[in-house]
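Engineer: Note that the UniProt record's numbering gives residue 390 to position 390 of the sequence shown, counting from 1, and the numbers run on in steps of one.
C-beta: ideal position from N, C-alpha, C; glycine also.
Since we're looking at a predicted model, the values are computed, not measured.
Once you've had a glance at the structure underneath, I'll fire off some questions.
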Amino acid sequence: MEIVRSQSKITADAVPTLPLYRSAPALEVRLEDFELFAIDRLRVLRGISDALSRGKKPEEMEKLVKDLWKANMRHQNASEVINKDIISHFVLRLVYCRTEELRKWFLSMETMLFRYRFRFESLDAQRALMGEFDLPYKAVSNAELENVKEKLGQVARSISQPLPTADTTFFKVPFEEVPDLVSGRRVFILKGYAYVAMNQVVSLVVTQFRSLLSKALVLTNRKWTSTIREQEKDRLAPIVEALSTSYIGPDYSQPKGCAEISIRDIDQIANSSFPLCMRHLFEKLREDHHLKHGGRMQLGLFLKGVDLKLDDALAFWKAEFSQKVGAERFEKEYAYSIRHNYGKEGKRTDYTPYSCQKIISSTPGVGDHHGCPYRHFSEENLRTALGKMGVSGRTAEEVMDKVRNRHYQLACTLTFEAIHGSSCDAGINHPNQYFSDSQKILQSKKNETS
1 MEIVRSQSKI
11 TADAVPTLPL
21 YRSAPALEVR
31 LEDFELFAID
41 RLRVLRGISD
51 ALSRGKKPEE
61 MEKLVKDLWK
71 ANMRHQNASE
81 VINKDIISHF
91 VLRLVYCRTE
101 ELRKWFLSME
111 TMLFRYRFRF
121 ESLDAQRALM
131 GEFDLPYKAV
141 SNAELENVKE
151 KLGQVARSIS
161 QPLPTADTTF
171 FKVPFEEVPD
181 LVSGRRVFIL
191 KGYAYVAMNQ
201 VVSLVVTQFR
211 SLLSKALVLT
221 NRKWTSTIRE
231 QEKDRLAPIV
241 EALSTSYIGP
251 DYSQPKGCAE
261 ISIRDIDQIA
271 NSSFPLCMRH
281 LFEKLREDHH
291 LKHGGRMQLG
301 LFLKGVDLKL
311 DDALAFWKAE
321 FSQKVGAERF
331 EKEYAYSIRH
341 NYGKEGKRTD
351 YTPYSCQKII
361 SSTPGVGDHH
371 GCPYRHFSEE
381 NLRTALGKMG
391 VSGRTAEEVM
401 DKVRNRHYQL
411 ACTLTFEAIH
421 GSSCDAGINH
431 PNQYFSDSQK
441 ILQSKKNETS
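Here it is in structure tokens:
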């Protein structure tokens, strides 16, 4: 797949509706499409990930995947939709091949996406896709089906499926190739072979897809580390390395929907509306009168995003740091970076508050207090912090369960819901979203009582 800056058109003749992504296409891709297509697909995969971690039911997942795909993978030119699908997959394959953790997540989400998209296909299209995998399984003969008809009917009744008829096609496959059907007791097994109905072949196809993609990710990683990263260090590498932790939600670089905060109110607001990551930094700053660079950046940009004005920010940080290093040293060593974050120094860049993805992927060192408490705290410290926020008992256990399963943002979402007594269906994806949603709920409650 060659990346170019031209306006070359891409044809999609004879490309299947659901590609198998066996090899990178010989397509010319504009640099801007390289990133934009990947971000659109990433929205789909993260939407699937969020829904799974929230325990959505299969029928809910089916509708969600269809809606996510329709919302994000369209193209202004209908003939380009297939190409966008293929290009975005291979870009993200490059992005997520780089570590075992990234590969595991991408493999799981792409497999889930493939599972539902396969089910959306017509019966003829499903048979065609089976043929593309070149699976060595033939339909079971009517004579053999007659011998096991009663057993097949028992399985169908146990899972509330229609009873097989003379027109129902079954395939006999080694049971280990359909582990999800076996573990769910949704298939009849005889002498090591599973009898898989046509409406269940998605399990068989998905197993093959997952195996092929898993091997492909390892090979892509080798190519990335041996040649691609160095060849594209000035052009593609920065995009690839940023995409896995990129924030793709609303822009919080400019405050929205909430009144600006002042130094006078900041302690009360921190206690009521700061997410745990920012509340911890705020408390450590008050306690130690100092934060290392990572903590200053994480908290400082967050405060900027909740509309703490530059003059107030300088006064706030100076009041704390002066107690530790003195006012003169603060002006010499720290004031510049605060003005810089507000776009008033240097290149005058308007820096954006950190998203959950960026915070979770950070690596705090000894003496650092930035990062995500749900990921970086010990279990004991996290329980203590949750208790101080009023989260305990069963809710705390639910939060800890999400943490153990590495669903850090969902753990934060559960904390938000417990504190505010209100659901957060969209989930928490950004500290400034947490703050904004919190303030809206508190203001609404205040209006109701007044």
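1) Identify every residue that forms a DSSP beta bridge with LEU190.
2) Apply the 10 Å Cβ neighbour rule to residue 461 and answer buried if 16 or more other Cβ atoms are within range, or exposed otherwise.
3) Please classify PRO275: does DSSP put it in a helix, a strand, or coil?
4) Determine the direct distance from the alpha carbon of SER422 to that of ASP180, and round the result to whole angstroms.
5) Compute the Euclidean distance between the alpha carbons of LEU291 and ASP401, then round it to the nearest angstrom.
6) Between the alpha carbons of GLU448 and GLY305, how many angstroms are there, rounded?
7) Just to confirm the assignment: which complete alpha helix (DSSP H) runs, minimum length 4, are found wholly within the stretch 83 to 113?
8) Can you name the start and end residues of the alpha helix (DSSP H) that PRO238 belongs to?
9) Which complete alpha helix (DSSP H) runs does the stretch 288 to 322 hold, if anything under 4 residues is left out?
10) Can you tell me where the alpha helix (DSSP H) with PRO174 in it begins and where it stops?
11) Given that a residue counts as buried once 16 or more other Cβ atoms are within 10 Å of its Cβ, and exposed if not, what is VAL65?
12) In this structure, does DSSP put ALA24 in helix, strand or coil?
13) If I measure Cβ to Cβ from THR384 and keep anything under 6 Å in the same chain, skipping five residues before and after, which residues do I get?
14) Who does ARG210 pair with in a DSSP beta bridge?
15) Pull up the DSSP beta-bridge partners for ALA139, would you.
16) Around the Cβ of VAL366, are there at least 16 other Cβ atoms within 10 angstroms (buried) or fewer (exposed)?
17) Taking DSSP as the reference, what is the three-state secondary structure of ASP350?
18) Residues in its own chain within less than 7 Å of PHE114 by CB, not counting five upstream and five downstream?
19) Helix, strand or coil: which one does DSSP assign to LEU217?
20) From ASP312 to ILE263, what distance separates their C-alpha atoms?
21) Could you check the C-alpha separation between PRO364 and HIS370 for me, to the nearest Å?
22) In angstroms with no decimal places, state the Cα-to-Cα distance between LEU301 and TYR374.
23) Inspect the CB distances between the stretch 323 to 340 and the stretch 213 to 232 and report whether three or more fall short of 8 Å.
24) Look at the alpha carbon of THR349 and the alpha carbon of MET297, and state the distance between them as a whole number of angstroms.
25) Helix, strand or coil: how does DSSP classify GLY387 here?
26) Under 6 Å Cβ to Cβ from ILE441, same chain only, skipping five residues before and after it: list those, please.
27) Residue range of the alpha helix (DSSP H) that CYS356 falls in?
28) Using the rule of at least 16 other Cβ atoms within 10 Å of the residue's Cβ for burial, across every protein chain shown, is GLY427 buried or exposed?
29) Measure the CB-CB distance between LYS172 and TYR137 and report whether it falls below 9 Å.
30) If you drop the 5 nearest sequence neighbours on each side, which residues of the same chain put their C-beta closer than 7 Å to that of ASP40?
31) Taking Cβ to Cβ, would you say VAL90 is nearer than 9 Å to ALA26?
32) Give the C-beta separation of VAL196 and LEU204 to the nearest angstrom, bearing in mind that I take them to be a contact with Cβ-Cβ under 8 Å.
33) Output yes or no for whether 9 Å exceeds the beta carbon distance between VAL95 and SER226.
34) Got a sec? Which residues, its chain only, sit under 8 Å from PRO164 by beta carbon, not counting five neighbours each side?
35) Is it buried or exposed for SER436, if we count other Cβ within 10 angstroms and need 16 for buried?
36) How is the alpha helix (DSSP H) around CYS412 delimited, first residue to last?
Structural biologist: According to the data block:
1) TYR193
2) Any property of residue 461 remains undetermined from this structure, which presents the chain solely from 1 to 450.
3) coil
4) 36 Å
5) 30 Å
6) 27 Å
7) none
8) 237 to 243
9) 293 to 305
10) No alpha helix (DSSP H) contains PRO174, which is instead part of the beta strand (DSSP E) from 170 to 174.
11) buried
12) coil
13) none
14) According to DSSP, ARG210 bridges with nothing at all.
15) PHE171
16) exposed
17) coil
18) VAL206 and PHE209
19) helix
20) 6 Å
21) 6 Å
22) 20 Å
23) no
24) 14 Å
25) helix
26) HIS420 and SER422
27) 356 to 360
28) buried
29) yes
30) ASN72, MET73 and SER88
31) A small fix is needed here, since residue 90 is Phe in this sequence, not Val. No, Cβ-Cβ distance for PHE90 and ALA26 is not below 9 Å.
32) 6 Å
33) no
34) LEU145, LYS149, LEU152, GLY153, ALA156, PHE170 and ALA197
35) buried
36) 408 to 420
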